[in-house]
Amino acid sequence: MSKLLVICGATGQQGGSIVETILGDPHLSSQYRMRTLTRDPSKPAAQKLA
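Per the working numbering, the very first residue in the sequence shown carries number 2; after that it's consecutive.
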């Protein structure tokens, strides 16, 4: 069963780096599910995560 990560500030510098790292690595993306929080979900950076 994959673990759940909640990432606050997913479109920011630190949160975005975590999201990119996990999505870019097949091993990590199979180990973790993500729920991301962002200040403004209507912005383009947030829409890319949807």
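C-beta: ideal position from N, C-alpha, C; glycine also.
Source: prediction; values computed, not measured.
Alpha-carbon spacing of residue i relative to residue j, whole angstroms
i   : j   : result
P30 : A47 : Looking at the sequence provided, one finds Ser at residue 30 rather than Pro. If I take the Cα positions, the gap works out to 19 Å.
S43 : K49 : 10 Å
Q14 : D41 : 15 Å
Chain-order list of residues whose beta-carbon lies under 6 Å from that of residue i (same chain, five-residue window excluded)
i   : result
G10 : G16
T12 : T39, A46, A47
Sequence-distant residues of the same chain with beta carbon closer than 8 Å to residue i, five excluded per side
i   : result
Y33 : S3, K4, L5, L6, I23
I8  : G16, I19, V20, M35, R36, T37, L38
Residue i: first and last residue of the uninterrupted beta strand (DSSP E) it sits in
i   : result
L37 : First, the amino acid is wrong: residue 37 is Thr here, not Leu. Looking at the DSSP string, the run of the beta strand (DSSP E) that includes T37 is 33-38.
Alpha helix (DSSP H) segment containing residue i, residue limits
i   : result
K49 : 45-50
G10 : It is not in any alpha helix (DSSP H) - G10 carries neither H nor E in the DSSP assignment.
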